[in-house]
DNA sequence: ACAATAATATACCAATCGGTAATTAAATTT
DNA sequence: AAATTTAATTACCGATTGGTATATTATTGT
C-alpha cells in the first residue's frame, strides 16, 4: 500500500523511530525524567546521539513524542472507558481499579502523572503537551460527571468541574503512591474513602 | 556556661555549621533535592567544599542534618498543635490552614513531603530520617484521632491508623500541589472535600 | 623557637551531562 | 562516472557533578 514510486535520494534511513520512542518511554516511566540521560537512551536503543538529535531536535522534542505515545497507548483506553455508557458507579470502580492495579512487567505508577508533577522543570514542548493531556483529561471527567448527573447517579449540588479536578487529584496521588511502592490495598482503601464523598444516600 | 578551660589545639574553626544547614535547607526546599548541587550550597554559604565534607561527611550526611533542622523549626509546631487539647474540628481546620497557607518570603510546599516523595532516590541516612519523621507523624495523627473518638468527635467505625494514613496522604498531596503552584483556594477546597468523610452527622 | 595538631583554601580528579562539528557511507540524479 | 543529497558515525565540546589530594594557615604544647 505504500510502495511509492517516489524513490528518496540520499542514504536510506535506518533509524528506528518507534523503537527509540518506546525505549525512551520505558526509561522515563521507570526512572523518572530526572533519572534518565540521553546517553542512556541512546545506548539502550542502539542509536547514536546525533541521529537522535536529527530526529527529535532536542531532549524536549523527544519527551513530547514520548508523551504523545504514552497517551495513545496507555491513557486512551481510560478515556474510552469514561466515554462508555456504563453506570457511574461501575465506571468509578473500574477507574479505581485501573489506577491501583499493577501490571506485571510494566513500570509502576503513571508516566503522565509523574511528568505533570515535574512540569515546572520541563521545557516548553513537553510542558505544552502535558497541558493538552491534562485539559482533555479534565474535560473527559467533567462530561462523564455531567452524564451521571442526568442519570441521577451523581450529587447535583457538586460542581462538575470541581469534582473532575478532585477526582484527577485523587487518581494522580494514587498513581504516585503506587510508584513509590505503597501497598495496593492501602492505596485502594484511600481512594475509596476519598471518592465516597460522591455517594448518593 | 561553656568557657571550658580546655583550649583546643590547631587552627580554630570558622566553619558556620548552623548557617550552612540553613542555606542548604532553603535551597533544597526551593529547588528540590534533585535541583541542588553541593557546589551551589558551598558558594551560597560561603564555605569550601572540603570544609563541608569534613563537617557532614557526604551529601547524605548534610541532608540528614537538614531534615532534623526542618523538623524542629517547621514541623514541630504542627506536632504541638495536634497534641493540644482543642476540639477535633478546630484543630482539623487549623491543620488545613497550615497545609495550604503560603508564607511570604518562604518557599512553597513542604521540604519533608518533597523528600518523602523522592525517598527511593535518596541515600541511607536521609532515608532513615524520613522514616523516623513519618512514623512520628502518623503516631501523632493516630493519638489525636483516638482522643477525638473518646470525645465523640470522630466516627468510631473508622480505624484510627487508617484515618491517620488518609489524613497524611491528603495533607501531603496538598503540600505538593502548593509547591507546583496550584491556587490556594482550589487546594483548600479539595482538602475540605476529602476530609469531609470524617464529618459526624 | 619548633614540632604537633587541626582547620582552611586551591586546585584538581574522573565521570557525566546535553549538544554538535566533521567526517564517512549509501543512495539517487545527471 | 561524477555530482548531489541524506543519514550515520566518531570524536569532540564546555559545563557540571560528587568527591579529594595537597598545600597552607593558625593555633597550642614543648
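Chains as they are written, first to last, in my numbering: chain A, 1 to 201; chain B, 202 to 402. Beta carbons: idealized from backbone N, C-alpha and C, even for Gly.
{"Check": "Residue 81/A - DSSP class collapsed to helix/strand/coil", "Outcome": "helix"}
{"Check": "Cut-off 7 Å between Cβ atoms - residues of its own chain near residue 269/B, not counting five sequence neighbours on either side", "Outcome": "330"}
{"Check": "Range of the contiguous alpha helix (DSSP H) that encloses residue 405/B", "Outcome": "Not covered by the structure: residue 405/B. The range shown for chain B is 202 to 402."}
{"Check": "At least 3 beta-carbon pairs within less than 8 Å: the stretch 36-54 of chain A vs the stretch 68-80 of chain A", "Outcome": "no"}
{"Check": "Inter-residue Cα distance where the pair is residue 20/A and residue 108/A", "Outcome": "21 Å"}
{"Check": "Separation of residue 89/A from residue 148/A, as counted between CA atoms", "Outcome": "9 Å"}
{"Check": "Euclidean distance between Cα positions of residue 248/B and residue 232/B", "Outcome": "20 Å"}
{"Check": "Range of the contiguous alpha helix (DSSP H) that encloses residue 357/B", "Outcome": "Counting along the chain, residue 357/B falls outside any alpha helix (DSSP H), and DSSP gives it neither H nor E."}
{"Check": "Start-to-end residues for the alpha helix (DSSP H) that takes in residue 319/B", "Outcome": "Taken as a continuous stretch (DSSP letters only), residue 319/B belongs to no alpha helix (DSSP H), as it is neither H nor E."}
{"Check": "Chain B within 8 Å of residue 88/A, Cβ atoms only", "Outcome": "no"}
{"Check": "Supposed close pair residue 228/B, residue 245/B - CB separation, criterion 8 Å", "Outcome": "7 Å"}
{"Check": "Whole-angstrom distance between residue 96/A and residue 180/A, CA atom to CA atom", "Outcome": "18 Å"}
{"Check": "Nearest-angstrom Cβ-Cβ length linking residue 398/B and residue 303/B, presumed shorter than 8 Å", "Outcome": "That pair is no contact at about 26 Å."}
{"Check": "Within chain A, the residues that residue 320/B reaches when beta carbons sit closer than 8 Å", "Outcome": "180"}
{"Check": "Contacting residues, own chain, Cβ-Cβ under 7 Å from residue 328/B (five flanking each side not counted)", "Outcome": "320"}
{"Check": "Any chain A beta carbon closer than 8 Å to residue 446/B", "Outcome": "This structure leaves residue 446/B out entirely; chain B is present only between 202 and 402."}
{"Check": "Whole-angstrom distance between residue 337/B and residue 351/B, CA atom to CA atom", "Outcome": "21 Å"}
{"Check": "Contact check, residue 17/A vs residue 100/A, beta carbons under 8 Å", "Outcome": "no"}
{"Check": "Within 8 Å, strictly: CB atoms of residue 339/B and residue 369/B", "Outcome": "yes"}
{"Check": "Element boundaries [alpha helix (DSSP H), containing residue 31/A]", "Outcome": "17-31"}
{"Check": "For residue 34/A, the three-state DSSP class (helix, strand or coil)", "Outcome": "helix"}
{"Check": "Straight-line Cα distance separating residue 311/B from residue 223/B", "Outcome": "15 Å"}
{"Check": "Supposed close pair residue 396/B, residue 299/B - CB separation, criterion 8 Å", "Outcome": "That belief does not hold up - the Cβ atoms of residue 396/B and residue 299/B are roughly 13 Å apart, past 8 Å."}
{"Check": "Beta-carbon contacts of residue 230/B that lie in its chain and below 7 Å, excluding the five residues immediately before and after", "Outcome": "308 and 312"}
{"Check": "Cβ-Cβ distance between residue 34/A and residue 261/B below 8 Å", "Outcome": "no"}
{"Check": "Exposed unless 16 or more other CB atoms sit within 10 angstroms - verdict on residue 15/A", "Outcome": "exposed"}
{"Check": "Residue 180/A in three-state terms, based on DSSP", "Outcome": "coil"}
{"Check": "Proximity winner among 81/A, 133/A, 50/A and 142/A, relative to residue 66/A (alpha-carbon distances)", "Outcome": "133/A"}
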